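Counting along the sequence shown from 1, when you hit position 249 you're at 249 in UniProt numbering, and nothing is skipped either side. We put the CB at the ideal spot given by N, CA and C, even for glycine. Because the structure is a prediction, the values reported are computed rather than measured. Report on the structure given below.
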Amino acid sequence: MPAPATVPCQYRTGKTLGSGTYAIVKEAVHIKTGKYYACKVINKKLMEGREYMVRNEIAVLKRVSKGHQNIVTLHDYFETSHNLYLVFDLCTGGELFDRICAKGNYYEADAADLVRTIMKAVKYIHDCGIVHRDLKPENLIFRTKREDADVMIADFGLSRVMEEEKFQMLTEICGTPGYMAPEIFKKTGHGKPVDIWAMGVITYFLLCGYTPFDRDTQQQEMEAIIAGDYKFEPEEYWANVSETAKDFVRECLTIDPASRPTAEEALRHKWLASTEPHFVQDESGNMTNLLPQIQKGFDARKTFRKAVFSMMAMKRMSMMAAQLSPSARALGDHLQQYKDESEKENIDEGREVVHYPSEGDQTPPDSPKAPLESRMAQMSVQQGS
1 MPAPATVPCQ YRTGKTLGSG TYAIVKEAVH IKTGKYYACK VINKKLMEGR
51 EYMVRNEIAV LKRVSKGHQN IVTLHDYFET SHNLYLVFDL CTGGELFDRI
101 CAKGNYYEAD AADLVRTIMK AVKYIHDCGI VHRDLKPENL IFRTKREDAD
151 VMIADFGLSR VMEEEKFQML TEICGTPGYM APEIFKKTGH GKPVDIWAMG
201 VITYFLLCGY TPFDRDTQQQ EMEAIIAGDY KFEPEEYWAN VSETAKDFVR
251 ECLTIDPASR PTAEEALRHK WLASTEPHFV QDESGNMTNL LPQIQKGFDA
301 RKTFRKAVFS MMAMKRMSMM AAQLSPSARA LGDHLQQYKD ESEKENIDEG
351 REVVHYPSEG DQTPPDSPKA PLESRMAQMS VQQGS
């Protein structure tokens, strides 16, 4: 990996676009080109002791992300003394479910098209030796608002930059354990099959509007995942979904990761591979519009979740406290503080940053190094030697 250099920042950060599990996202404009990007800002306190590993992982992600049209490209990476800055495509088309609801009509064939496209991107990621580990509808976004815009996988591989225990804790506290595979909770080791499990959960969600392991508490949700306890119910939500689609979900939600299909095998399942769409006919013999039932299922669970989410998170946090290491517990206690600190930092051309170019990048011109950034760069080179 080319040596880092301390240079004037090439970006100017602006408004906050959103907040994720462990980072905030800001709008950023490239000062020379005027092009807008999404800049993910991660507090370095979340990565203490793993800084060099993080930089290596990000270099890999930066290279791999440029190879597929359905993966959000990581264009650049630099650091200040407090934060990591990852510069991505700015996708303006909105999240997956919002896009579906805006369509007016939504058929099983549409769901199959979406799952096929996403699964091909997952296969590409896996072929590159990377596991996403955080696939969920919120990380599936559209490049633009155009009708034919590409659906994109965001945040791919970023879980790799965090210690496994920390990442699992943050995921659970922030309320998205419903997409996590049984082997993650069992702590029996996991790899690419966790993404196939998540694809099964996403497919289920795309067909009915709620997730298969939705329960009243996160503890119950975790127990249901470990047991593989789900059903295609209530009947009213599944009456218009084909058995072929249900079989695809069952295959992806195989409890034993060794028996779960690979991405390539999943793409060969007849629900995705067949040239003829699978669907349940309506009264006129046409494909049934699934959108009314999906919106109904989604809205019902959304209302319930909003009422109990805070209580669930607090209970889950207290239950986990006895099982986690002191460092992981401290992380949970200070997570919001770390994110607030990251949000307060704004950068522009007047700020010097440590820039980490990838192979093939044009290294920015050198400028005098500030003492702290100089030490950071020297440490990185020494650790890599």
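CA-to-CA distance, residue j to residue i, given in whole angstroms
i, j, result
"TYR22", "TRP238", "35 angstroms"
"VAL354", "PRO257", "41 angstroms"
"THR363", "ASP155", "At THR363, the pLDDT of 40 sits below 50, so the modelled position is not reliable and the matter cannot be decided from this model."
"ALA181", "ARG351", "42 angstroms"
"VAL54", "LEU46", "11 angstroms"
"GLU265", "VAL25", "35 angstroms"
"PRO2", "LYS246", "48 angstroms"
"ALA59", "ASP134", "19 angstroms"
"GLY200", "ASP76", "32 angstroms"
"THR244", "ASN56", "42 angstroms"
"ASP340", "LEU17", "14 angstroms"
"LYS44", "ILE130", "23 angstroms"
"PHE88", "SER81", "21 angstroms"
"SER274", "VAL64", "29 angstroms"
"LEU61", "LEU74", "7 angstroms"
"ILE141", "ILE71", "10 angstroms"
"ILE225", "HIS190", "15 angstroms"
"PRO221", "PHE213", "Before going on, a small fix: residue 221 reads as Glu here, not Pro. Going by the C-alpha atoms only, they are around 6 angstroms apart."
"ALA5", "CYS101", "46 angstroms"
Exposure label - residue i; buried when at least 16 CB within 10 Å
i, result
"GLN69", "exposed"
"GLN293", "buried"
"ARG305", "Since pLDDT at ARG305 reaches only 49, below the 50 mark, its modelled position is unreliable, and the value read off the structure follows with that caveat. Its Cβ having fewer than 16 others within 10 Å, ARG305 is exposed."
"ASN83", "buried"
"GLY178", "buried"
"ASP216", "exposed"
"GLN218", "buried"
"LYS66", "exposed"
"GLY49", "exposed"
"GLU349", "exposed"
Span of the alpha helix (DSSP H) around residue i
i, result
"LEU206", "193–208"
"LEU272", "270–273"
"LEU253", "Element bounds for LEU253: n/a, residue is neither H nor E."
"LYS26", "Note, LYS26: premise wrong, no alpha helix (DSSP H); beta strand (DSSP E) at 24–30."
"ILE118", "108–127"
N-terminal and C-terminal residue of the beta strand (DSSP E) that residue i is part of
i, result
"LYS15", "11–19"
"CYS39", "36–43"
"ASN83", "83–89"
"PRO8", "5–8"
"ASP76", "74–79"
"VAL64", "First-last for VAL64: 51–64, but that is the alpha helix (DSSP H), not the beta strand (DSSP E)."
"LEU140", "140–142"
"GLU352", "352–355"
Of the listed residues the options, nearest to residue i (C-alpha basis)
i, options, result
"THR33", "ASN83, GLU147, GLN10, SER81", "GLN10"
"ARG99", "PRO357, LEU291, LYS296", "LEU291"
"GLU283", "GLU236, ASN240, LYS15, ILE226", "ASN240"
"ASP299", "THR211, SER19, LYS270", "THR211"
"PRO137", "PHE97, GLN336, ARG146, TYR124", "PHE97"
"CYS91", "GLY49, ASP113, ALA38", "ALA38"
"LYS15", "TYR36, VAL7, GLU48, ALA5", "TYR36"
"GLU343", "GLN220, GLU27, ALA5", "GLU27"
"residue 428", "GLU79, ASP113, ASN139", "This structure cannot speak to residue 428, because the chain is shown only from 1 to 385."
"residue 411", "LEU86, GLU236, HIS30, VAL29", "In the structure as shown, the chain begins at 1 and stops at 385. Residue 411 is therefore absent and cannot be evaluated."
Chain B contact for residue i (CB, 8 angstroms cutoff)
i, result
"THR288", "Given the protein chain composition of this structure (a single chain), no chain B is represented."
Residue i CB to nearest heavy atom of the ligand HEM below 7 angstroms
i, result
"GLN281", "With respect to the ligand HEM, the structure offers nothing, as it holds no ligand at all."
Worksheet item: Given 8 angstroms as the limit, is there contact between the stretch 116–125 and the stretch 138–157, that is, 3 or more CB pairs closer than that?
Response: yes
Fill in: Inter-stretch contact at 8 angstroms, needing at least 3 Cβ pairs: the stretch 191–201 / the stretch 98–113
no
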